[in-house]
Amino acid sequence: GIQVEQSPPDLILQEGANSTLRCNFSDSVNNLQWFHQNPWGQLINLFYIPSGTKQNGRLSATTVATERYSLLYISSSQTTDSGVYFCAVGQNSGNTPLVFGKGTRLSVIA
Amino acid sequence: GAVVSQHPSRVICKSGTSVKIECRSLDFQATTMFWYRQFPKQSLMLMATSNEGSKATYEQGVEKDKFLINHASLTLSTLTVTSAHPEDSSFYICSARLQANTEAFFGQGTRLTVV
Numbered sequence: 099g100i101q102v103e104q105s106p107p108d109l110i111l112q113e114g115a116n117s118t119l120r121c122n123f124s125d126s127v128n129n130l131q132w133f134h135q136n137p138w139g140q141l142i143n144l145f146y147i148p149s150g151t152k153q154n155g156r157l158s159a160t161t162v163a164t165e166r167y168s169l170l171y172i173s174s175s176q177t178t179d180s181g182v183y184f185c186a187v188g189q190n191s192g193n194t195p196l197v198f199g200k201g202t203r204l205s206v207i208a
Numbered sequence: 414g415a416v417v418s419q420h421p422s423r424v425i426c427k428s429g430t431s432v433k434i435e436c437r438s439l440d441f442q443a444t445t446m447f448w449y450r451q452f453p454k455q456s457l458m459l460m461a462t463s464n465e466g467s468k469a470t471y472e473q474g475v476e477k478d479k480f481l482i483n484h485a486s487l488t489l490s491t492l493t494v495t496s497a498h499p500e501d502s503s504f505y506i507c508s509a510r511l512q513a514n515t516e517a518f519f520g521q522g523t524r525l526t527v528v
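The listed protein sequences correspond, in order, to chains B and A.
Quick note: the first sequence uses the numbering used here, first residue 99, plus one each step.
Quick note: the second sequence uses the numbering used here, first residue 414, plus one each step.
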């Protein structure tokens, strides 16, 4: 099956710093999403981005499907950004499940 | 976005008992829902695909007799962990989409502890 690799696995930032999280995938996809898992376990949808670039406030994401990677940018990080960020992809058309990467654990310190 | 609601959010049960977890699509109909499991500090792993009106499809290594899935209506899928054991303690989370090839939404998750 498809492999999803996220880097870095762990990241510690000073509040106010910027960061880039990367997601590489081993095959073509027609669905890619970024999530933030908060300390209570809930998955917060950040971006649905099978291709192109999107921005939402301090967050933005870019997916280059032809090169099989996606990037999540976090600018001016805040302590509330702490948590685990997951990239998940889906193959095939139709209602198919997502395959998750192992995540990037982000800690933002004041 | 679409709302997927999961209940209960947390449950503690004794070893050998069964626990039922509900996953509801609140503002849309979902013919297909997905159940994932997440162990501490690990990623989400797909357990099974729940199909309304038909049998669930289980991933390799997931015991279908232990993890019973029922998708009796277009807005409700249930996961029953039968004869639970401490190794079944985990975070269970469901997912659904409004339609194919669109954004997937997740429930709040259920943290199961078997003592």
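C-beta: ideal position from N, C-alpha, C; glycine also.
- By a beta-carbon distance limit of 8 angstroms, T202(B) contacts P106(B). Their separation comes to about 6 angstroms.
- Put simply, of S205(B), L119(B) and A115(B) the residue whose alpha carbon is nearest the alpha carbon of E103(B) is L119(B).
- In this structure, F518(A) places its C-beta atom within 8 angstroms of the C-beta atom of G414(A).
- For D179(B) and N193(B), the gap between their C-alpha atoms comes out near 30 angstroms.
- The C-alpha of L481(A) is placed about 12 angstroms away from the C-alpha of T462(A).
- Residue environment analysis places V416(A) among the exposed positions, since fewer than 16 neighbouring C-beta atoms fall within 10 angstroms of its C-beta.
- Apart from sequence neighbours up to five positions away, the residues of its chain that approach N483(A) with a beta-carbon distance below 6 angstroms are T491, ordered along the chain.
- Counting along the chain, no beta strand (DSSP E) covers E472(A), and no H or E run does either.
- A distance of 8 angstroms or more separates the beta carbons of T160(B) and S173(B).
- In terms of beta-carbon proximity, G474(A) stays away from the interface with chain B, with every pair separated by 8 angstroms or more.
- Within the segment 487 to 517 of chain A, the residues whose Cβ lies closer than 8 angstroms to some Cβ of chain B are F504, I506, S508, R510, Q512, A513, N514, T515, E516 and A517, listed in chain order.
- Separation of the CB atoms of L141(B) and L157(B) is rounded to 15 angstroms, and the pair is thereby denied contact status at 8 angstroms.
- Residue-level contact check: N129(B) touches chain A, since one or more beta carbons of chain A fall below 8 angstroms from its beta carbon.
- For the pair V197(B) and I110(B), the CB atoms are not nearer than the 8 angstroms cut-off.
- Taking 8 angstroms as the threshold, the shortest C-beta distance from Q442(A) to chain B does not fall below it.
- Between Q451(A) and I506(A), the CB-CB gap stays under 8 angstroms.
- Exclusion of the five residues before and after V424(A) leaves V432, T523 and L525 as the residues of its chain whose Cβ lies within less than 7 angstroms of its Cβ.
- Residue-level contact check: N193(B) touches chain A, since one or more beta carbons of chain A fall below 8 angstroms from its beta carbon.
- Within the segment 437 to 468 of chain A, those residues whose Cβ lies closer than 7 angstroms to any Cβ of chain B are, in chain order, T445, F447, S456, L457, L459 and T462.
- Pairing P137(B) with K200(B), the inter-Cα distance amounts to about 16 angstroms.
- Linking N129(B) to S149(B) through their CA atoms gives a straight-line distance of about 9 angstroms.
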